[in-house]
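Let me begin by presenting the structure, written as structure tokens, before commenting on it.
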Ligand SMILES: [Fe+3]
Ligand SMILES: [Fe+3]
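Residue numbers (this note's numbering), protein chains in the order written: chain A, 962 to 1073; chain U, 962 to 1073; chain P, 903 to 1188; chain R, 903 to 1188.
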């Protein structure tokens, strides 16, 4: 699909190819057992899913924009963020470079 | 689907509902590890998949017609038969009540 | 003959589940959202559905990219729930109605819809939250359920025109079921929101208000929008409006709007709700 | 622009794999079957495909009834093989061509085909055996592969008319791919056979010969058959003829028959083979 919307990555086949292993790892976080295994040994867990170095680094930095750039899909990435108790406002703030309060205020502002 | 073809069960939703757990067990036989587990303790393996008594009995008797009657789908049942090295001619002979040689001769006859 | 009593189309934001679990429905942040559902529940009390057909999008709980269906129809005796990775509260399984599922599947395939069939299926917040909003004191709800999934995880998504046609075919399939059943359609998702990218937090009130108006009286007008248009105008997750479109398609040509509400924000999302009653038969003037 | 060079439609009987593993190709039982593939390989040497698009039906290796697609398109970098429960010989994975897969998926969804997408996929004997028959000394074969699955495990199956239309859409999708690629279509399954029930061993030579003739020159005629008709006339597993129909649909209106053979029995099955060359453009008199 044409990627011409500013600040937006449409998750299409191109992205899906790039991010398959990363997304597969994040999909596994549906299960608490897997979330605990990740927390217990992050390196070993990432190695199991054969992440690329770029993906591994983005996971290490908990950086959502870098994860998307590396082929991550937000639906699966949200499960990764969930491990750290991050809400979608926390993630939104991180991606937009705002404070969480500013991000929330920006959301509310759009309702006026 | 209309079940009006003699000697034939069309595997539709009705059959699928009836046979789900049986077929799930047979699907697991794609893996050698599971086939070995079945052979090591048939009762425990069947219990894990919560077969009905009728299904459990048909498995015990290795009876293909009874397994189909209990909702089994031939594609999955073939994997169960594979555990015992039964070919599709063996299964065909069992279902038609012929000897394997007669069944093979019947097949060849249809080519003339 | 089954009767389609109407449809509820609603947002399904995960945070709703936590707000209910924590009893926050009357807090200032949440009240404008939760208040809208009272009218929906009043209507449900008169509509008395036996079955809820829930058209929703899985968010990576049941389906992964190794086998991602465009359309999937549940055909299980029950549908289970998991915490989805965020520790969401879980509930007992939802009761299915596989005989109806199979009738729907057969009718859809006969009409050239290439559905996947699911005899085991986990349902996520997009299914659970609308059930809890409509029957807050009843878990599981007092209806049998039939989940129908439409892909919004990975592009290409089905076209808007295809989703409307899919909904119409679902409606015809339900109405041709032999048993006397009263069926509620639930379409869940939207409205405008975007979780990902530098544009995270994007909301478009004008677009949402247009969509809500068209859903009621002229859903065909929305098929002029491409999926790309919807991403641009409604955000990456705004594509969930296709659930509303399919749900609307399952109703007849004419509906009565019982209730509508719209509130910004709930979490990162513009939350919308419509309650639409199906006109029993075409109006005389139609 | 990709070019569709033609199609091979062939049976895919599991026993073929064992016969090859045991070197039985020249035994009296097997020779009438294997001999037919020599002409196919000669033609392949001139057709020189870069890619094989393999339209086949999974037999319960990759898909189970918890998420069974009607149509599924592989989009993986490689496709793995397992022993399927019978200890079949296994092989190294087959190489995929995901860029082409995604182009096909996008085009199909745009044309209202509701495919499932598979970025990981195990392929079974219905894929592997035709590859081994066409390139017996080359495992993996010297082509990239793109597996496309059509459900025959559980009814409802897609209608014959839908399968032909699906094939046509696949053909259009392939021909609109930008790269210079030579594409072979492989349709695998059939012909008449029945593995299950008191009617096990059923074969219908007359029906098969009619189907083979129509596939060449008038595939549309086969859309008059319902799936129920095919079960009755061709056996429960005879429904695999829909792979041939889809494969034929991917070619142009006119084809040249390079080779055809038919032999009863291989295992429980009437084995058929067609090699069809795509006419580069419509004949003048057409
Ligand atoms: Fe959502
Ligand atoms: Fe087969």
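C-beta: ideal position from N, C-alpha, C; glycine also.
Quick check: is any heavy atom of ligand 2 less than 7 Å from the C-beta of residue 1149 of chain R? Between ligand 2 and the CB of residue 1149 of chain R, the shortest heavy atom gap is not smaller than 7 Å.
Going along the chain, which residues of its own chain have a beta-carbon closer than 7 Å to the beta-carbon of residue 861 of chain R, five neighbours each way excluded? Missing from the structure shown is residue 861 of chain R; chain R here goes from 903 to 1188 and no further.
Determine the direct distance from the alpha carbon of residue 1031 of chain U to that of residue 1174 of chain R, and round the result to whole angstroms. In a straight line, the C-alpha of residue 1174 of chain R is about 33 Å away from that of residue 1031 of chain U.
Taking 7 Å as the line, does the beta carbon of residue 1139 of chain P fall inside it for any heavy atom of ligand 1? Yes.
State yes or no: is the C-beta of residue 1111 of chain R nearer than 7 Å to some heavy atom of ligand 2? Distances from the CB of residue 1111 of chain R to the heavy atoms of ligand 2 are all 7 Å or more.
Mind listing which residues of the stretch 1069-1086 of chain P have their C-beta closer than 8 Å to chain R's C-betas, in chain order? Cβ contacts with chain R come from no residue of the stretch 1069-1086 of chain P.
Closer than 9 Å, Cβ to any Cβ of chain R: which residues of the stretch 1050-1071 of chain P, in chain order? Correct list: 1053, 1056, 1057, 1058, 1059, 1060, 1061, 1063, 1064, 1067, 1068.
Once the 5 residues before and after residue 1060 of chain A are set aside, which same chain residues still bring their CB inside 7 Å of it? Excluding sequence neighbours, residue 1060 of chain A sits near 1054.
Are there 16 or more other CB atoms within 10 angstroms of the CB of residue 1075 of chain P, so buried, or fewer, so exposed? By the neighbour-count rule (16 or more Cβ atoms within 10 Å), residue 1075 of chain P is buried.
Cα-Cα, which of R:1141, R:979, R:1004, R:1169 is closest to residue 1056 of chain P? It is R:1004.
Quick check: is the beta carbon of residue 1039 of chain U nearer than 8 Å to any beta carbon in chain P? It does not; no Cβ of chain P falls within 8 Å.
Ligand 3 and residue 925 of chain R: does the residue's C-beta get closer than 7 Å to at least one heavy atom of that ligand? This structure simply doesn't include ligand 3; it includes ligand 1 and ligand 2 instead.
If the cut is a Cβ gap below 7 Å, which residues of chain R does residue 1106 of chain P touch? Within chain R, not a single residue places a beta-carbon under 7 Å from that of residue 1106 of chain P; the smallest gap is close to 25 Å.
Contact list for residue 963 of chain U against chain R, beta-carbon separation under 7 Å: Result: 1130.
So, for residue 1065 of chain U: in the same chain, excluding its five sequence neighbours on each side, which residues have a beta-carbon less than 7 Å away from its beta-carbon? By the criterion of a C-beta distance shorter than 7 Å, residue 1065 of chain U is surrounded in its chain by 1050, once the five residues flanking it on both sides are discounted.
beta-carbon residue 914 of chain P near ligand 2 non-hydrogen atom, thresh 7 Å: Not so, every heavy atom of ligand 2 lies at least 7 Å from the Cβ.
With a threshold of 16 other CB atoms inside 10 Å of the CB of residue 1127 of chain R, please say whether the residue is buried or exposed. Burial call: buried.
From residue 1180 of chain R to residue 917 of chain P, what distance separates their C-alpha atoms? Rounded to the nearest angstrom, the two C-alpha atoms are 56 Å apart.
Assuming residue 1180 of chain R is part of the beta strand (DSSP E), what are its boundary residues? Note, residue 1180 of chain R: beta strand (DSSP E), 1171-1180.
Run down chain P in chain order and give the residues with a C-beta less than 9 Å from the C-beta of residue 1059 of chain U. The premise fails here: residue 1059 of chain U is roughly 34 Å from chain P at the closest Cβ pair, so nothing lies under 9 Å.
Beta-carbon contacts of residue 1018 of chain R that lie in its chain and below 6 Å, excluding the five residues immediately before and after: Excluding residues up to 5 positions away in sequence, 971, 974 lie with their Cβ nearer than 6 Å to the Cβ of residue 1018 of chain R in the same chain.
Which of helix, strand or coil does DSSP assign to residue 943 of chain R? Residue 943 of chain R falls in the helix class under three-state DSSP.
Measure the alpha-carbon distance for residue 1046 of chain R versus residue 1021 of chain U and round it to whole angstroms. Rounded to whole angstroms, the separation of the alpha carbons of residue 1021 of chain U and residue 1046 of chain R is 44 Å.
So does the stretch 911-928 of chain P actually touch the stretch 1017-1036 of chain P, counting three or more Cβ pairs closer than 8 Å? Per the Cβ contact rule, the stretch 911-928 of chain P is in contact with the stretch 1017-1036 of chain P (3 or more Cβ pairs under 8 Å).
For residue 977 of chain A and chain R, any beta-carbon pair shorter than 8 Å? Interface annotation, residue 977 of chain A: in contact with chain R, CB-CB separation under 8 Å.
Are the stretch 984-995 of chain A and the stretch 1035-1048 of chain A touching, with three or more C-beta to C-beta distances below 8 Å? Result yes; three or more Cβ-Cβ pairs closer than 8 Å.
Beta carbon of residue 983 of chain P, beta carbon of residue 953 of chain P: below 8 Å? 8 Å or more divides the Cβ of residue 983 of chain P from the Cβ of residue 953 of chain P.
By Cβ distance, which residues of its chain are closer than 7 Å to residue 951 of chain P, with the 5 residues on each side in sequence left out? For residue 951 of chain P, the CB contacts under 7 Å within the same chain, skipping 5 residues up- and downstream, are 907, 1045, 1084, 1085, 1086 in chain order.
Taking contact to mean at least 3 C-beta pairs separated by less than 8 Å, is the stretch 1063-1075 of chain P in contact with the stretch 1149-1163 of chain P? Between the stretch 1063-1075 of chain P and the stretch 1149-1163 of chain P there are three or more C-beta pairs closer than 8 Å, enough to call the two in contact.
Quick one: what does DSSP say residue 1143 of chain R is sitting in, helix, strand or coil? Looking at residue 1143 of chain R - three-state DSSP - the assignment turns out to be helix.
Short CB-CB distance (under 8 Å) between residue 1015 of chain A and chain P: Not a single C-beta of chain P is nearer than 8 Å to the C-beta of residue 1015 of chain A.
Run down chain P in chain order and give the residues with a C-beta less than 7 Å from the C-beta of residue 1011 of chain R. Residues of chain P with a Cβ closer than 7 Å to the Cβ of residue 1011 of chain R are, in chain order, 972, 1058, 1060.
Grouping DSSP H, G and I as helix and E and B as strand, with all else coil, what is residue 1055 of chain R? For residue 1055 of chain R, the secondary structure class from DSSP, reduced to helix, strand or coil, is coil.
So, at 6 Å on beta carbons, what are the nonlocal neighbours of residue 993 of chain R in its own chain, with the 5 sequence-adjacent residues on each side left out? For residue 993 of chain R, where only same-chain residues beyond five positions count, the Cβ hits under 6 Å are 983, 1041.
Hey, residue 1097 of chain R and residue 1113 of chain R: beta-carbon distance below 8 Å or not? For residue 1097 of chain R and residue 1113 of chain R, no; Cβs fall outside 8 Å.
For residue 926 of chain P, go through chain R and note every residue whose CB falls closer than 9 Å to its CB, in chain order. From the beta-carbon of residue 926 of chain P, no residue of chain R is found nearer than 9 Å; the closest lies around 36 Å away.
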